[in-house]
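Numbering-wise, our numbering comes out as the position in the sequence shown, counting from 1, plus 10.
The beta carbon of each residue, even a glycine, is placed where N, CA and C say it ideally should be.
Nothing here was measured: the structure is a model prediction, and the numbers come from that model.
First up is the structure itself, then whatever we jot down about it.
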Amino acid sequence: MLGALGISADDIIVFYHGSLSKNRGVIELAQAVEILKKKYNVRFFVIGAGDEDIIKTIKNGNRNIFLEPVLYSEIPKFISIADICVSPLPDILWWRIASALKVMEYMACGKPIAMTRMKAHTDVVPEGSAGISYFDRVSPESIADAIEVIIKDKDKFNREAKKLQIHAIKNYTYDSIAKKVLEFYEGFYEC
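Structure, rendered in structure tokens:
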């Protein structure tokens, strides 16, 4: 699949999937990748749909990899190609109370993650997890810095991401969530 996507073995793949709109930090992420390309062999791989101007920015004259949405069941195989996954949502009320599904997916695939330090993200990640590189502001520079931390210490981040994978499988699969919901309702029944 790498060859079909134009990816070589020495490419560092920075991955994002999801909606492409102005309030998701995707433009800033695309700009961050351009900053990193000055120092590293980074490729930006995006799967999504949305604002045509954002898609044009992401494609950057076909220098990046862009795919229209794929079947949900196919997302893990694309995440597996990534070296670093990113969730650049800004810390605004709308995203603070949303479910960080993509973060759970990235964790379940055992990938290092660069993400905004905000409640929706930190609620799903165990305290002190080392497979994560946080940024506090959604700006090209801060996102690039967080990704670069992973690039510079990739072996450590890959090891720690495997620990996050175990955590995600234990806590965030449909089966584990269904079990928690069932236990919750059984608690009501016993009252």
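- Inter-residue distance for Ala40 and Lys129 is about 23 angstroms (C-alpha atoms, whole angstroms).
- With contact defined as three or more Cβ pairs closer than 8 angstroms, the segment 69 to 78 and the segment 176 to 195 are not in contact.
- Taking Ile160 as the centre and dropping the five residues before and after it, the same chain places the C-beta of Ile94, Pro122, Ala124, Ser143 and Phe167 closer than 7 angstroms to its C-beta, in chain order.
- Looking at the DSSP output, Tyr144 shares a beta bridge with Met125.
- The C-alpha of Tyr50 is placed about 48 angstroms away from the C-alpha of Phe194.
- In the DSSP secondary-structure assignment, Ser97 is bridged to Met125.
- The shortest C-alpha to C-alpha distance from Glu62 to any of Val36, Glu84 and Ala42 is the one to Val36.
- The residue from Ala188, Lys172 and Arg147 with its alpha-carbon nearest to that of Arg34 is Arg147.
- Taking 8 angstroms as the cut-off, the beta carbon of Leu77 is found no closer than this to the beta carbon of Ala154.
- Annotation: the segment 32 to 93 contains the following complete segments of the beta strand (DSSP E) (minimum length 3 residues), in chain order: 52 to 57 and 75 to 77.
- Secondary structure of Tyr26 (DSSP, three-state): strand.
- Gly197 has its alpha-carbon roughly 37 angstroms from the corresponding atom of Ile89.
- Its Cα nearest to that of Gly60, the residue Leu30 stands out among Leu81, Pro86, Leu30 and Glu38.
- Proximity to Glu84 across Asp163, His27, Ser186 and Leu192 peaks at His27, based on C-alpha coordinates.
- The criterion of a C-beta distance shorter than 8 angstroms is satisfied by Phe55 and Ala92.
- Exclusion of the five residues before and after Val52 leaves Ile22, Val24, Val43 and Leu46 as the residues of its chain whose Cβ lies within less than 7 angstroms of its Cβ.
- Between Leu15 and Ile75, the gap from beta carbon to beta carbon is short of 8 angstroms.
- Non-local C-beta neighbours of Pro100 in its own chain, meaning closer than 6 angstroms and more than five positions away in sequence, comprise Gly35 and Val148, ordered along the chain.
- Secondary structure of Asp165 (DSSP, three-state): helix.
- For Lys112, same chain residues with a beta-carbon under 7 angstroms away, outside a window of 5 residues either side, are His27, Gly28 and Ser97 in chain order.
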